[in-house]
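Undergrad:
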């Protein structure tokens, strides 16, 4: 018997696609947000930081439940997407992407924020005295200095999305090639008593997660410290 | 004086407690999610009539099977099928000879919108909806029955691309109830209250369109010799429980 069925490969491919796109989107969104959090003196800083950290604490079923309701045809997000002619997001790949970005947000923002804080104000001030414009200074001074933070943010966002389960279960609908990811496929195998197939996929996940964490600590000891 | 009195009273209290516990036990039951609503009613009636209490856990039969095999301390299982209890009995994880059918499930095509589902299920052939929810047919008997019924009606190939599958029947219901799927196949018991459809529109799928959804109960190894578990098994076969079960649209 082959180790993975066609449906398993579909789920693996979909999971990798979801994790890659989620990571790319998160780096784009989290960078300005983390920069702002690292440098602002605004009174909004604490509440915004708390909102960003919410997915760390909330059970994925809570996120999934609210996503299902707000993105559904009667929810505010669902009404907006319908007005834009996009239909509703649950049961679509785009819907999973939105869910994953929210679910993994703290895993991108927090390492970046700590890295930016570690960079401090001084390099940016020096760059300014050398007449670098703010964006130029940010891109050519702050970003390279915060590189370990970016590496950590990317790896953790990717790995955390691969491990997503509760959110997908709530809003996915288990559609092959669209919303059926590895974690829900494993769940299905276990419930159908297909333990051999479950073992292959689950064992693969364990190895993958171990490899990610090992790579993280070997390549960049600093970036792990940034997390703490 | 007081201490002496306490010394005499305490053993009596302890004796009372022990005997009250023996007389009125608690039975922990794993219950298929389609039977959630009737079980809650039955548990209340059972507690009032016998003094025993029920600690129910609701979920997917397949998940319960895996948990029971791995030592979950459930004393009884009310499954969504008849295969899982039989398998547990074969594997020595259930008390032999305690298996019985407690209900036969009925399937319903349901929509939260009034008027969307007609009384004959012609909406399936007519189409005009983007998604149709059902429980994963590989895992849930109600999902398998839905697929069988669609095949008999010769609409399966056309509808298959519109499937959204819940992990169990409770999730299929959730997809339809939140409006994310305009209609879907659910257990009749989930949408029926006191013999009528509580909201939205529904078609009760004729049982001739699919194999009977026979739901069996069994006392598990952990419930062997438990007075409360045997009492619940007997109660489920009694008139009061059967009336409740029927009021949710099950056949017996």
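Chains as they are written, first to last, in the numbering used here: chain A, 4 to 231; chain B, 455 to 706.
Built from N, CA and C at the ideal position, the CB exists for glycine as well.
To the nearest angstrom, report how far apart residue 643(B) and residue 112(A) are at their CA atoms.
TA: The residue given as residue 643(B) occupies position 189 in the second chain. The residue given as residue 112(A) occupies position 109 in the first chain. Each residue's alpha carbon lies about 46 Å from the other.
Undergrad: Could you check the C-alpha separation between residue 177(A) and residue 497(B) for me, to the nearest Å?
TA: As a first step, residue 177(A) is located in the first chain; it is residue number 174 there, counting from the start. As a first step, residue 497(B) is located in the second chain; it is residue number 43 there, counting from the start. Distance from the CA of residue 177(A) to the CA of residue 497(B), rounded to the nearest whole angstrom, comes to 33 Å.
Undergrad: Scan the region 526-582 of chain B and note each continuous beta strand (DSSP E) run of 3 residues or more that stays entirely inside, going in chain order.
TA: 530-532, 554-559, 561-565
Undergrad: Give the straight-line distance between the Cα atoms of residue 129(A) and residue 122(A), rounded to the nearest whole angstrom.
TA: If you number the first chain from 1, residue 129(A) lands on position 126. If you number the first chain from 1, residue 122(A) lands on position 119. Those two C-alpha atoms are separated by around 12 Å.
Undergrad: Are any of the Cβ atoms in chain B nearer than 8 Å to that of residue 62(A)?
TA: The count along the first chain starts at 1 and reaches residue 62(A) at position 59. No, its Cβ sits nowhere closer than 8 Å to a Cβ of chain B.
Undergrad: Would you kindly work out how many angstroms separate the C-alpha atoms of residue 520(B) and residue 596(B), rounded to a whole number?
TA: Residue 520(B) sits at position 66 when you count from the first residue of the second chain. Residue 596(B) sits at position 142 when you count from the first residue of the second chain. Roughly 19 Å separates the two Cα atoms.
Undergrad: Which bits of chain C does residue 644(B) rub up against, with CB to CB less than 9 Å?
TA: Among the chains of the structure shown, chain C does not appear; the protein chains present are A and B.
Undergrad: Which stretch, first to last residue, makes up the alpha helix (DSSP H) that contains residue 16(A)?
TA: Position 13 of the first chain, counted from the start, is the residue given in the question as residue 16(A). Residues 9-42.
Undergrad: Check residue 95(A) in the structure and name its three-state DSSP category.
TA: Within the first chain, numbered from 1, the residue matching residue 95(A) stands at position 92. Correct three-state label for residue 95(A): coil.
Undergrad: Put residue 470(B) into one of helix, strand or coil per three-state DSSP.
TA: Translated into the one-based positions of the second chain, residue 470(B) becomes position 16. Below a pLDDT of 50, predicted positions are generally treated as unreliable, and residue 470(B), at 48, falls in that range; the measurement from the model is reported next regardless. It is helical.
Undergrad: Check whether the Cβ of residue 722(B) lies closer than 8 Å to any Cβ atom in chain A.
TA: The question about residue 722(B) has no answer, for chain B in this structure spans 455 to 706.
Undergrad: Span of the alpha helix (DSSP H) holding residue 73(A)?
TA: In the first chain, residue 73(A) corresponds to position 70, counting from 1. Its alpha helix (DSSP H) spans residues 63-74.
Undergrad: Would you call residue 576(B) buried or exposed, if buried means 16 or more other Cβ atoms sit within 10 Å of its Cβ?
TA: Taking the first residue of the second chain as position 1, residue 576(B) is located at position 122. Burial call: exposed.
Undergrad: Taking residue 205(A) as the reference, give the member of 216(A), 185(A), 18(A) with the closest Cα.
TA: For the purposes of this step, residue 205(A) is identified with residue 202 of the first chain, where counting begins at 1. Nearest option by C-alpha distance: 185(A).
Undergrad: For residue 97(A) and chain B, any beta-carbon pair shorter than 8 Å?
TA: Walking along the first chain from the start, residue 97(A) turns up at place 94. Output row for residue 97(A): interface = no.
Undergrad: Is residue 659(B) helix, strand or coil by DSSP?
TA: Here residue 659(B) corresponds to residue number 205 of the second chain, with the count starting at 1. Correct three-state label for residue 659(B): coil.
Undergrad: In this structure, how does DSSP classify residue 139(A) when only helix, strand and coil are distinguished?
TA: Here residue 139(A) corresponds to residue number 136 of the first chain, with the count starting at 1. Three-state DSSP puts residue 139(A) in a helix.
Undergrad: From residue 582(B) to residue 614(B), what does the alpha carbon distance come to, in whole angstroms?
TA: Position 128 of the second chain, counted from the first residue, corresponds to residue 582(B). Position 160 of the second chain, counted from the first residue, corresponds to residue 614(B). Cα-Cα distance, rounded: 14 Å.
Undergrad: Kindly indicate which three-state DSSP category residue 591(B) falls into: helix, strand or coil?
TA: Taking the second chain and counting its residues from 1, one reaches residue 591(B) at position 137. If DSSP states are grouped into helix, strand and coil, residue 591(B) belongs with coil.
Undergrad: Just the chain A side, please: which residues come within less than 7 Å of residue 610(B) by C-beta, in chain order?
TA: Taking the second chain and counting its residues from 1, the one referred to as residue 610(B) is at position 156. Near residue 610(B) there are no residues of chain A at all, since even the closest Cβ is about 16 Å away, more than 7 Å.
Undergrad: Establish whether the CB of residue 545(B) and some CB of chain A are separated by less than 8 Å.
TA: As a working mapping, residue 545(B) is identified with position 91 in the second chain. Residue 545(B) does not count as touching chain A.
Undergrad: Sort out for me which residues DSSP pairs residue 646(B) with in a bridge.
TA: Within the second chain, the letter at position 192 stands for residue 646(B). In the DSSP output, where bridge partners are listed per residue, residue 646(B) has 651(B).
Undergrad: May I ask you to verify whether the region 541-548 of chain B touches the region 692-705 of chain B, counting CB pairs closer than 8 Å and requiring at least 3?
TA: no
Undergrad: Does DSSP put residue 133(A) in a helix, a strand or coil?
TA: For this step, residue 133(A) is matched to residue 130 along the first chain. Three-state DSSP puts residue 133(A) in coil, outside helix and strand.
Undergrad: Per DSSP, what kind of secondary structure is residue 174(A) in: helix, strand or coil?
TA: Reading the first chain from its first residue, position 171 is the one you call residue 174(A). The answer is helix: DSSP assigns residue 174(A) an H, G or I state.
Undergrad: Whose C-beta lies closer than 7 Å to the C-beta of residue 475(B) among residues of the same chain, with five residues either side of it excluded?
TA: The count along the second chain starts at 1 and reaches residue 475(B) at position 21. Residue confidence for residue 475(B) is low, a pLDDT of 46 falling below 50, so the modelled location carries little weight; the figure read from the coordinates is stated next. Beyond the five residues adjoining it in sequence on each side, residue 475(B) comes within less than 7 Å, by CB distance, of no other residue in the same chain.
Undergrad: Kindly list the residues whose CB is nearer than 6 Å to the CB of residue 180(A), restricted to its own chain and excluding five residues on each side of it in sequence; keep chain order.
TA: Here residue 180(A) refers to the residue found at position 177 of the first chain. Excluding residues within five positions, the ones whose Cβ falls inside 6 Å are 13.
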